[in-house]
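See below for the structure under consideration.
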Ligand SMILES: *[C@@H]1O[C@H](CO)[C@@H](O)[C@H](O)[C@H]1NC(C)=O
Ligand SMILES: *[C@@H]1O[C@H](CO)[C@@H](O)[C@H](O)[C@H]1NC(C)=O
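In mature numbering (1 follows the signal peptide of the UniProt record, and there is no 0), the protein residues as written are -15 to -1, 1 to 322.
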């Protein structure tokens, strides 16, 4: 009995000695992109870090780390997911999970000493749960980060330098305009997409084509300024300029004026931000995206002229019959086809 007590005391002392900084935890592995990787078991690694910024090299003790993976099935029930956490006893952990049915919106929840780690798994749902500053506490500036994939992005930096009070914008990577790095660089470090929404104003500016981030910007709770553009995604035609976003000329020449308008019309700005989020909730959730592609392929298959040949090395992947419950009549696909 005494021995057990001693052991427990020793273990407690040891656990207490290692002071972990949960937010510094390094997380990596293919399991972080559940939608992009199809494997029987998906996994992520965690390396714990102490308060001095050093890697832990020993186990922090039982129950320090917990992991849970959850998701939603088509019938809105929780997915059948089996999760296992391995303590590698060297300061690192492996979280392994298996998904047993088609599962949307997979969320990985890791807690270290009861503190939940922010996991950046970007989708139109996670954006809504990770913007924590209410409108009135957001910084009244336009925030933007991105790479140098279009000249207007460099122009944005020029404009911001003339009006530093209105902007917090930077280029993160130079690839297309490497020769301009002296003027517009150096490349700035990564900012979590969720932190974009600490700022009141967001900008959707083209990259090489339409930006994939527009749905996420709309789903956040800031006011989105959208550069007028010939590029579009399937849902753009259902958006209304001035109702869901503030339009900005493609050369950004009226951007400053539009930000000033927003600062003077705060309630209107908030209204637009709210209707953008509502639009995202009604039209841009994973089921809507899946529905769009299902309908697209369905329409496409009707237009195929040549017969589809099943080659020897092809394998049929059977889909559950209930896998898409979208309403085809809601979609007007003419523009895309
Ligand atoms: C800490 O752990 C990470 C993840 O395994 C590793 O990449 C890094 O090199 C380690 N740092 C040191 C100083 O050992
Ligand atoms: C710009 O934003 C970054 C990320 O939020 C922040 O760290 C930085 O201090 C901001 N810069 C200014 C000048 O406010």
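Every residue, glycine too, gets a C-beta built ideally from N, C-alpha and C. These numbers were taken from a predicted model, which means no experiment stands behind them.
Boundaries (first-last residue) of the alpha helix (DSSP H) holding residue i
i           : result
residue 253 : 251 to 268
residue 226 : Unbroken run through residue 226: none, as it is neither H nor E.
residue 142 : 136 to 147
Residue i burial status per 10 Å Cβ neighbour count (16 or more: buried)
i           : result
residue 203 : buried
residue 129 : buried
residue 290 : exposed
residue 277 : buried
residue 169 : buried
residue 26  : exposed
residue 4   : exposed
residue 211 : buried
residue 270 : buried
residue 280 : buried
residue 154 : buried
residue 8   : exposed
residue 226 : exposed
residue 82  : buried
residue 44  : buried
residue 71  : exposed
residue 182 : buried
residue 84  : buried
C-alpha distance - residue i paired with residue j, whole-angstrom precision
i           : j           : result
residue 186 : residue 73  : 44 Å
residue 191 : residue 150 : 23 Å
residue 265 : residue 297 : 42 Å
residue 247 : residue 208 : 9 Å
residue 144 : residue 137 : 10 Å
residue 158 : residue 132 : 5 Å
residue 140 : residue 237 : 8 Å
residue 88  : residue 267 : 20 Å
residue 68  : residue 301 : 28 Å
residue 320 : residue 294 : Any answer about residue 320 is weak, because its pLDDT of 41 lies below 50 and its placement is not dependable; what the coordinates show is given next. Roughly 29 Å separates the two Cα atoms.
residue 234 : residue 146 : 19 Å
residue 272 : residue 59  : 8 Å
residue 38  : residue 220 : 44 Å
residue 10  : residue 287 : 50 Å
residue 120 : residue 251 : 10 Å
residue 244 : residue 152 : 10 Å
residue 188 : residue 196 : 11 Å
N- and C-terminal bounds of the beta strand (DSSP E) containing residue i
i           : result
residue 28  : 27 to 32
residue 82  : 77 to 84
residue 62  : It is not in any beta strand (DSSP E) - residue 62 carries neither H nor E in the DSSP assignment.
residue 168 : Here residue 168 belongs to no beta strand (DSSP E); instead the alpha helix (DSSP H) covers 166 to 169.
residue 184 : 184 to 189
residue 210 : 208 to 212
residue 89  : 89 to 97
As assigned by DSSP and simplified to three states, the class of residue i
i           : result
residue 12  : strand
residue 242 : helix
residue 319 : Only weak support exists for where residue 319 lies, its pLDDT of 41 falling under 50; the value from the coordinates is given anyway. Here residue 319 sits in coil by DSSP.
residue 237 : coil
residue 280 : helix
residue 122 : helix
residue 53  : strand
residue 7   : helix
residue 113 : helix
residue 232 : strand
residue 155 : strand
residue 203 : helix
residue 220 : coil
residue 327 : Here the chain covers residues -15 to 322 and nothing more, so residue 327 does not appear.
residue 35  : strand
residue 162 : coil
Segment contact flag, the region 59 to 68 with the region 28 to 39, C-beta cutoff 8 Å, min 3 pairs: no
Inter-stretch contact (C-beta, 8 Å, three-pair minimum) for the region 118 to 128 and the region 97 to 106: no
Any 3 or more C-beta pairs closer than 8 Å across the region 170 to 178 and the region 226 to 238: no
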